[in-house]
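Line by line, the protein sequences are chains F and P.
Position one of the first sequence corresponds to residue 0 (numbering that gives the first Met the number 0), numbered consecutively onward.
Position one of the second sequence corresponds to residue 0 (numbering that gives the first Met the number 0), numbered consecutively onward.
So the structure is just underneath, and the comments pick up after that.
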Amino acid sequence: MPHINFKDTIELNNIPEIPDIARDFIRLHSSETFSEADINLVIGKDEVFFSQLLEVINSDHFNLTSKASTIPHAIELAGFDRICHLMLCLVVYRAFSQIEIHGLDQQAFWEDSLRRAVSARMLGEQVGLDASRCFMAGLIQDIGFFMLFLLSPNKGMLWSEFRKREPEARYSMERNIFSMTHDDAMVLFCNRWGLKDIVADPVIGHHRCHAEQASLFDQQLCQVLNCADWMAAVYTAVDKSFVINRCREILTGYFRMEFYKTEEFLAAIPDELALTARVLGIKIGEHIDFSQILYQANIKLNEDNANFQELAQRLEQALDERDQLATELNRDLGQAREIQRSLLPPTMASDFPLFGMNISARDLSGDFYDYFKLDDGRIYFNLGDVSGKGVNAALLMVKTSSLFRCLGKRISSPSELMAEVNTELCETSIHGMFVAMVAGLYDPQTGRVRLVNAGNPPALLFTPEGLASEIEANAPPLGVLADAAFPEIEFELANNSLYMVSDGVTESFIAEDEMLGLSGLFKTIAVMDKALSPEQRLQGIVDRFDSTTIPFRDDVTLLLLEAR
Amino acid sequence: MKYPVSQHGRFSVISLTGEVDLSCSPQAREQILKCLKQGKNLLIDLSQVAYIDSSGVASLVEGFQTARKQKLDFALVGVSKAAMQVLSLARLDTVFTIYDSLDDCE
């Protein structure tokens, strides 16, 4: 048996002593040799009690083959074990049912215990255990529970709270409230009454049934008592549907009962209870039919179901709202994209020297290109790439592009123009965002180009023969350093082609592990048919990307300048 | 991901590692700005950076700009080849103070 520690403060004196007759009777039961005279000697000490016992033994309920005239006769007919178990039930009931504990309803307590005993007997019959032993164990197993209140009488008011709970919840509540469980208290009781031999370990350990238990008997008794706990709780616990389901699990699981029989089995308890209570003379409350219990359980289930349906409805509503928001957001994004596209310059007539292309990785692009004619016929052009992606990048792109176009109409030096845009961006810089940009001014009259490369990948100048030179960045991106200088590189365009790209082009994948890179871009352009239109040639570069298997990670922008 | 921070003389050192892209540059940014807010001179160790995209570079730029406003020192150290390629392509190598190793930082 488990060892327990208990505090000195608990009221051990409140525990009743075992009556002499019970002690003597049990002693005879466990001794090897005894005579009828020995038994009669014990009976003589309390004839009223033993005549009551004989009455119970002779009731239909006990199911003896013939009526017993005396206790020794009954022992002969039914066996000493059965008689001893029954005697113990009556003695325990007599000893404890008279004790008053404020808050503990004695009648309800014994009704619960008796329901547990009846359930244990029914289960014992199922697995072929000694039914009278199961009944006794079922009746007195919760003496430990009663003991908890005896030891801490001021907690009696909590009894009704315990009663509403299912067995496992009750068990952990015991630990919290009393710092011990009814199993622990049961040990105290068995020690005090000397019942070690007659009350087996499983009675005390029925919340901890496990396969390694000493014997099959122990295992079975343990499961019987555990299941009886749940069966009794069907009638007392608040969450009936949960307890009924647990009962069904154990009955179909351990006891291998067909599912349809479990209801019949549970429904048999009230009649068994009423009959047994009458025979033993234990008072119980009004008859509760299993159908009433099922009705209550169904109400709970219906409530749960209603709650579930409400939850489902709210979820559906939330999903609708989400979809609606997504639609609105998509619409906004679509409009933003449209506005952004409208900021890109229109495709000009085929004799116009510039052609651009922009493919965004997301709805909104952080890349841009632009070109516009000044009054004197010179043409400003640019290709920019905002750090980062998404809405932030798109907004900065719009700002930079607008600044360039607006200031470009009155500043005719690319170097000064870039410095102005840079100052403006630095003043309002946010999150370190910057803009890499290659920009220039082309004079169709003279064929001269003044170019600035602020942090963009090199611009590539190709001769008609396919020879190329790089024009690397000679200034940091815009928006980084307020006092940065943006020197111009001036050259004659002649019949060469100036290719400008964002880093999305050189960093696009052309195979699983291979980016196009600057050298790849060189090679691609070098072998192109010069007779192709600018659009066809830029498309030829984009076609190299393996965008069918690897989606664009970055926006891709290209701009081509050629004299026409 | 949280990047390791250590102390080197009068500098706090934040060591960025692996791929510093859109998925983890916000954390890098947060750590950089936190150190600067505490008035620390800052070194960013880029020796273990395998890839840095423009959002990662933006975190460095913001650190650079914030430090400048607060008159704190801000420098990059041990810049890996991959990171240096990105910085020099954008001419940002001319913007940042760059040290080869921690030993070069006094």
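Don't be surprised by glycine CBs; every beta carbon is placed ideally from N, CA and C.
Contact set for residue i: own chain, Cβ-Cβ below 6 Å, skip 5 residues either direction
i, result
"P:T16", "Q47"
"F:V198", "C189"
"F:G123", "A130, C133, V223"
"F:G355", "Y368, L558"
Same chain, Cβ closer than 7 Å to residue i, five either side skipped, listed in chain order
i, result
"F:H2", "The predicted model places F:H2 with a pLDDT of 42, which falls under 50 and marks its position as unreliable; any figure quoted below should be read in that light. Excluding positions up to five away in sequence, the list is empty."
"F:G387", "G365, M432"
"F:K6", "A caution first: F:K6 carries a pLDDT of 42, below 50, which makes its placement in the model unreliable, though a value can still be read off. Correct list: empty, nothing qualifies."
"F:I17", "W192, G193"
"F:I509", "L515, G519, R543, F544, D545"
"F:A236", "K163, R164, E165, V242"
"F:V41", "I20, D23, F24, L27"
Any C-beta of chain F under 8 Å from that of residue i
i, result
"P:T96", "no"
"P:T93", "yes"
"P:Q84", "no"
"P:V12", "no"
"P:A49", "no"
"P:A74", "no"
"P:A66", "no"
"P:R90", "yes"
"P:A57", "yes"
"P:V19", "no"
"P:E29", "no"
Own chain residues within Cβ distance below 8 Å of residue i, not counting five before or after
i, result
"P:Q6", "V12"
"F:Q51", "L89, G280"
"F:H286", "P269, A273"
"F:T8", "Confidence at F:T8 is low in this model, with a pLDDT of 44, below 50, so the placement of that residue should be treated as unreliable; the coordinate-derived value is given next. None."
"F:L99", "The amino acid occupying residue 99 of chain F in the given sequence is Glu; Leu does not appear at that position. Same-chain partners within the cutoff: Q105."
"F:I410", "L416, E419"
"P:K80", "none"
Bounding residues of the alpha helix (DSSP H) (the contiguous stretch that carries residue i)
i, result
"F:M417", "413-426"
"F:F188", "181-192"
"F:V90", "79-95"
"F:E566", "The shown model of chain F, from 0 to 563, leaves out residue 566 of chain F, and the question about it has no answer."
"F:N244", "239-252"
"F:Y259", "258-266"
Endpoints, beta strand (DSSP E) assigned at residue i
i, result
"P:Q40", "It should be pointed out that residue 40 of chain P corresponds to Asn in this sequence rather than to Gln. 40-51 is the span of the beta strand (DSSP E), which, as asked, contains P:N40."
"F:G355", "353-358"
"F:R447", "447-453"
"F:L560", "555-561"
C-alpha gap between residue i and residue j, whole angstroms
i, j, result
"F:N297", "F:S240", "7 Å"
"F:L328", "F:G383", "26 Å"
"F:L568", "F:R132", "In the structure as shown, chain F starts at 0 and stops at 563, and residue 568 of chain F therefore has no counterpart that could be examined."
"F:L416", "F:G407", "6 Å"
"F:E487", "F:Q538", "29 Å"
"F:N494", "F:Y379", "19 Å"
"P:I97", "P:V78", "8 Å"
"F:L450", "F:D319", "53 Å"
"F:S468", "F:F461", "7 Å"
"F:V91", "F:I139", "7 Å"
"F:L157", "F:C226", "24 Å"
"F:S159", "F:A168", "14 Å"
"F:R115", "F:A325", "59 Å"
"F:V397", "P:K1", "33 Å"
"F:S349", "F:R447", "20 Å"
"P:G62", "F:V526", "43 Å"
"F:E46", "F:I70", "11 Å"
"F:M377", "F:E491", "Reading the sequence as shown, one finds Arg at residue 377 of chain F and not Met. Whole-angstrom Cα-Cα distance: 14 Å."
"P:F10", "F:S501", "36 Å"
Minimum Cβ-Cβ distance from residue i to chain A less than 8 Å
i, result
"P:S54", "The structure shown contains no chain A; its protein chains are F and P."
Cβ-Cβ separation, residue j to residue i (assumed contact under 8 Å), whole Å
i, j, result
"F:S518", "F:F544", "The Cβ separation is near 16 Å, so there is no contact."
"F:K44", "F:N57", "Their Cβ separation, rounded to whole angstroms, is 21 Å, which puts F:K44 and F:N57 out of contact at 8 Å."
"F:L424", "F:G478", "4 Å"
"F:L440", "F:P413", "5 Å"
"F:A472", "F:N452", "4 Å"
"F:D111", "F:A231", "6 Å"
"F:L459", "F:I358", "Not a contact, Cβ separation roughly 19 Å."
Contact with chain P by residue i, beta-carbon distance below 8 Å
i, result
"F:L459", "no"
"F:L220", "no"
"F:H430", "yes"
"F:G503", "no"
"F:V390", "no"
"F:V500", "no"
"F:L558", "no"
"F:V479", "yes"
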